[in-house]
Amino acid sequence: MRGKSFLKMPCFATTINGLECFAAEECKEIIGVNAEPDVGKIIFDADIDQLIRLNLSSRMLHKIFIMLAREKVETLEDVYRAASQIDYTQFINRNQTFAVQGERHSKDKPFTSLDMAAAVGRAIIQSFREKTGTRLRVNLDEPDVQFYCLVRDSEFFLGLNTTGKSLHRRFYRVFHHRAALHPTIAVGMMKIAGWRREQFLLDPM
0 MRGKSFLKMP CFATTINGLE CFAAEECKEI IGVNAEPDVG KIIFDADIDQ LIRLNLSSRM
60 LHKIFIMLAR EKVETLEDVY RAASQIDYTQ FINRNQTFAV QGERHSKDKP FTSLDMAAAV
120 GRAIIQSFRE KTGTRLRVNL DEPDVQFYCL VRDSEFFLGL NTTGKSLHRR FYRVFHHRAA
180 LHPTIAVGMM KIAGWRREQF LLDPM
């Protein structure tokens, strides 16, 4: 990705279902980009510098991805074909490891989230090997590069994770209690209530 810091790329970012409009507003506030609210995510164009700012400042988003593919799929073969068309040498080198996380939100598809992630993983390995002659290594625990694939109904998204662990985790907290209010929902509630920074805020927790 070197030399492409000002190149606009299609991106998407995940958030809590029902708060997509507020996430889109926050995206506009932070990087000045209009985002399209979608189910559980927002879709927008951004350059590398804007992605960095969004990762550092967002409180509504969970993970932010560079969109590598967006297609209609019905079968695992469709998923594999869509993932095979990408030149992965732009995003990973032969000495790095990778992992794929998959989410399938479609009851009528004849495959699971794990099946989909495995198909994308095979496509990445095969595509990279055809370009370089090298077989990439998989590391599910601590990968150097993370890919994410999503199917909702018949729409397939494949993204490059620019965030790492989810932004909703507040790492300054030593312990996360199970009964605690989800941080993204808390921010969404403040936005719905119209709270402003100059006002007092009483935290009942």
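Counting from 0, one number per residue, gives the positions in the sequence shown under numbering that gives the first Met the number 0.
By construction, the Cβ of each residue, glycine as well, lies at the ideal position given by its N, Cα and C atoms.
**Study point:** Cβ contact (3+ pairs, closer than 8 Å) linking the region 27 to 39 and the region 189 to 203
**Key:** no
Check your understanding: Pairing CB atoms from the region 59 to 79 with CB atoms from the region 138 to 156, are three or more of them under 8 Å?
Key -> yes
Practice item. Assign I184 to one of two classes, buried (16 or more other C-beta atoms within 10 Å of its C-beta) or exposed (fewer than that). Key: exposed
Point to revise | Unbroken beta strand (DSSP E) run spanning R151, endpoints | key: 144 to 151
Check your understanding: Looking at the structure shown, is G2 part of a helix, part of a strand, or coil, going by DSSP?
Key -> In this prediction, G2 scores a pLDDT of 47, lower than 50, which makes its location untrustworthy; no coordinate-derived value is stated.
Check your understanding: Along the chain, where does the beta strand (DSSP E) that runs through E130 open and close?
Key -> The sequence as given places Lys at residue 130; Glu does not occur at that position. Element bounds for K130: not the beta strand (DSSP E) but the alpha helix (DSSP H), 112 to 131.
Check your understanding: Among I51, L18, R52, D48, which residue has its Cα nearest to the Cα of M41?
Key -> The sequence given here has Ile at residue 41, not Met. Answer by Cα proximity: L18.
Point to revise | As assigned by DSSP and simplified to three states, the class of F11 | key: strand
Review point. Which term fits G132, buried or exposed, when burial requires 16 or more other beta carbons within 10 angstroms of its beta carbon?
Key: exposed
Check your understanding: Between which two residues does the alpha helix (DSSP H) containing E197 stretch?
Key -> Element bounds for E197: n/a, residue is neither H nor E.
Review point. How many angstroms separate the CA atom of L6 from the CA atom of F199?
Key: 41 Å
**Study point:** Rounded C-alpha distance that separates R1 from S112
**Key:** Confidence is the limiting factor: at R1 the pLDDT is only 48, short of 50, which leaves the residue's position unreliable, though a coordinate-based value still follows. Distance between the alpha carbons of R1 and S112: 32 Å.
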